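**Student:**
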Amino acid sequence: MIGAAVIIMGVLIYIIGTVFYKGIPSLTWEMITKIPGGGFYLGKEGGVLNAIAGSVFIITGALVISLLISVPLVMYINFYLPNKSIFSSIIRFSLDILFGVPSIVYGAFGFALMVYMGIKASLMGGIITVAMLIMPIMMRSLDEVTRLLPRDLPDALLSLGSTKYEMTKVLLRQLMPGLMTAILLAVGRGIGDAATVLFTAGYTDNIPSSLGQPAATLPLSIFFQLGSPVEEVQNRAYASAIILTVIILILSFSARYFSSKFSKNKI
Amino acid sequence: MIFANQHLETLTVNPVKETNRTVLLKKVMNNHTIRIENLDVYIEDQHILKDINLAVPEKSITCIIGPSGCGKTTFLKTLNRMHDETPEVKIKGRVYVDDLNIYDKGVNVIDTRKKMGLLAQRPCPLPMSIFDNVAYGPRIHGIKKRKAINQTVIQYLQYVGLWDEVRGRVRSSPSRLSIGQQQRLCLARGLAIEPEYILGDEATSSLDPLSTKKIEELFIKLKEKYTVILVTHTLRQARRIADYIVFMYLGKIVETGPTEEFFNNPKKQLTREYLSGSFS
């Protein structure tokens, strides 16, 4: 057991160590404030702001879409349907399957859908596909915490004469930390995924200014830079990896902060 | 039935105004009580409650006693229609609350529950401040004015003797309160919806003796204004606070009667055995 712990710690330290060791020297202010200039992929000036912006746009959009669908669905199967409802077990089963679908399949599916609808690789396409990817993750983890909720609380609310809707609103407060965890898991998965956005969001050196334009993403940016034969560009890939890690860390800490703020009256 | 409909109507209006009309109606009807006729409850295939017939006297404490699994809690849940949430439960028979069968078609569940203040086994404060816990009921039932809500909250926190203890921190979380204080908070929360009946489901079983005493004193105070129905596991508690006793065994009512008579002169053999402690 100690050995297993040591291996896990070792691997983690090795990954972070490598990324920082190779990336820190290339991590300049220019990297995060400038879009790639001419010859950026040959080692000339420029940064990855296009990819940072693209990633943030896509994940924000995808998060909004999937929250709008996941939260009502999870509340519905937990509080509106009876305990042993067949419908809710079908939904849970489908979510389990969707959870295990590899992201490249979502990418391909999203691409096929876009071809069918006649949309080009764009920010919109990326948002929809990433939303599809993170929705099952979000629903499943929110569902887990919702099912652990003690039965006393819904009963107490109902016996006060709440309607189901009023009850759900109060229960959501109690579930806020669980919802935050679900968001974190989903965002962590969505922002770092390359395969879903490969076909659907495209890649560009500019910051997208509308939903119809293609958008660059950090994972793809890392991928392209790593594939370059120029060593300087390869090191920039590690710098981009640091940026991606830091974005996830910032999201994680802010989510925790807000969750503790929202749940200060949690029982 | 005309009276019953009128009464239902009064419940949907603003509770502050309602009291006068309710009092008037009470005088007219003079039948302000719970009456249960031929009640059978099944959970899946199990027959949990068997042919219950009972009239609960108003403005008094009725204690339901009996060994574990005899259907006491199931019985209590039929009174505020909490079984509606579990479709496995089938209910036959009639439960009249203020002369209205609450299992009739078209009876509003919310109105029925609003008439019953439930005090559960373990206190379960809502995830909001102490103040909002008490204000929750009035708010969802349509009281908007801040002044009226403040007044209600203070009134009921005082009623349960919690106001002086939480005065400076009503805006903080109830999770720091002791479990006895939490139970009194839950009682205040239940009273704030202005019910007519108080149901207690072993409300003191998770409390220490001192908190139990406080809750029991509150029950005695409550019976001046409300009809109180308690499920209890402890015979001594029933003897201390009850006016009437209902003894249930295996889903049937074995014996009922005024407390003194029930304990001093039980009529049935089963009751005598239970009181002497040969089974529990």
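Chains as they are written, first to last, in the working numbering: chain A, 1 to 267; chain C, 1 to 280. Heads up, the beta-carbon is just placed ideally off N, CA and C, and yes, glycines get one too. Every value quoted in this text rests on a predicted model; they were computed, and no experiment measured them.
1) Under 7 Å, CB to CB, which of the residues in the stretch 170 to 196 of chain A have a partner in chain C?
2) My assumption, with CB atoms under 8 Å, is that R113(C) sits in contact with N38(C). Please give the rounded CB distance.
3) What three-state label does DSSP hand V230(A) in the structure shown?
4) Grab me the residues of Y262(C)'s own chain with a C-beta within less than 6 Å of its C-beta, minus the 5 sequence neighbours each way, in chain order.
5) In chain A, what lies closer than 9 Å to K114(C) by C-beta?
6) Beta-carbon within less than 8 Å of M138(A)'s beta-carbon, same chain only, minus the 5 sequence neighbours each way: which residues are those?
7) Does T22(C) come within less than 7 Å of chain A when only Cβ atoms are used?
8) Three-state secondary structure (DSSP) at M128(C)?
9) Taking only beta-carbon positions, decide if G69(C) is within less than 7 Å of chain A.
10) Please report the straight-line C-alpha distance between S122(A) and L73(A), rounded to a whole angstrom.
11) Under a three-way DSSP split, which group does R146(C) fall into?
12) Going along chain C, which residues have a C-beta under 7 Å from L153(A)?
13) With DSSP as the reference, please indicate the residues paired to K164(A) in a beta bridge.
14) Which runs of the alpha helix (DSSP H) fall wholly inside the stretch 168 to 229 of chain A and span at least 4 residues, in chain order?
15) Relative to the C-alpha of E260(C), which residue among A238(C), D164(C), L270(C) is closest?
16) Between F57(A) and the ligand ATP, is there a pair consisting of the residue's CB and a ligand heavy atom that are separated by less than 6 Å?
17) Could you tell me the alpha carbon to alpha carbon distance between M116(C) and Y249(C), rounded to whole angstroms?
18) Where does V134(C) fall in DSSP's three states?
19) Within this structure, are the beta carbons of T204(A) and A216(A) separated by less than 7 Å?
20) Have a look at Y238(A) and D96(A) and give me their C-alpha separation to the nearest angstrom.
21) Going by DSSP, what residue range makes up the beta strand (DSSP E) through E37(C)?
22) Going by CA-CA distance only, name the one from L157(C), A135(C), Q158(C) that's closest to A148(C).
23) Output the residue ranges of the alpha helix (DSSP H) runs that lie fully inside the stretch 99 to 137 of chain A and measure 4 residues or longer, sorted by chain position.
24) Compute the distance between the beta-carbons of V130(A) and L126(C), then report whether it is under 7 Å.
25) Can you tell me the Cα-Cα spacing of A5(A) and V19(A), whole angstroms?
26) From the DSSP output, in three-state form, read off I241(C) for me.
27) Using a Cβ cut-off of 7 Å (strictly closer), state whether E166(A) contacts chain C.
**Tutor:** Inspection of the coordinates gives the following:
1) Contact annotation: in the stretch 170 to 196 of chain A, residues whose CB is within less than 7 Å of a CB in chain C are V170, R173, Q174.
2) So it is not a contact: roughly 23 Å between Cβ atoms.
3) Three-state DSSP puts V230(A) in coil, outside helix and strand.
4) The question names Tyr, yet the displayed sequence has Phe at residue 262(C). Around F262(C): I245.
5) Going along chain A in sequence order, the residues near K114(C) (Cβ under 9 Å) are L160, G161.
6) The residues are S66, L67, S70, A182, I183, L185, A186.
7) Any answer about T22(C) is weak, because its pLDDT of 42 lies below 50 and its placement is not dependable; what the coordinates show is given next. Closer than 7 Å: no.
8) In the three-state reduction of the DSSP assignment, M128(C) falls in the coil class.
9) It does not; no Cβ of chain A falls within 7 Å.
10) Going by the C-alpha atoms only, they are around 28 Å apart.
11) It is helical.
12) Close partners of L153(A) in chain C (Cβ separation under 7 Å): C124.
13) DSSP output for K164(A) lists no bridge partner at all.
14) Assignment of alpha helix (DSSP H) within the stretch 168 to 229 of chain A, counting only whole runs of 4 or more residues, yields 176 to 191, 195 to 200, 218 to 226 in chain order.
15) Minimum Cα distance to E260(C) is reached at A238(C).
16) Looking for the ligand ATP in the displayed structure turns up nothing, as the structure carries no ligands at all.
17) Rounded to the nearest angstrom, the two C-alpha atoms are 25 Å apart.
18) In this structure, DSSP gives V134(C) a helical state, which the three-state scheme calls helix.
19) Against a cut-off of 7 Å, the Cβ pair of A216(A) and T204(A) comes out as a contact.
20) One alpha carbon belongs to Y238(A), the other to D96(A), and they sit about 34 Å apart.
21) Unbroken beta strand (DSSP E) run through E37(C): 34 to 43.
22) Of L157(C), A135(C), Q158(C), the residue nearest in Cα terms is A135(C).
23) Counting only runs of 4 or more residues that sit fully inside the stretch 99 to 137 of chain A, the alpha helix (DSSP H) segments are 103 to 117, in chain order.
24) Result no, Cβ atoms of V130(A) and L126(C) do not sit closer than 7 Å.
25) Rounded to the nearest whole angstrom, the CA to CA distance from A5(A) to V19(A) is 21 Å.
26) The answer is helix: DSSP assigns I241(C) an H, G or I state.
27) At a cut-off of 7 Å between beta-carbon atoms, E166(A) makes contact with chain C.
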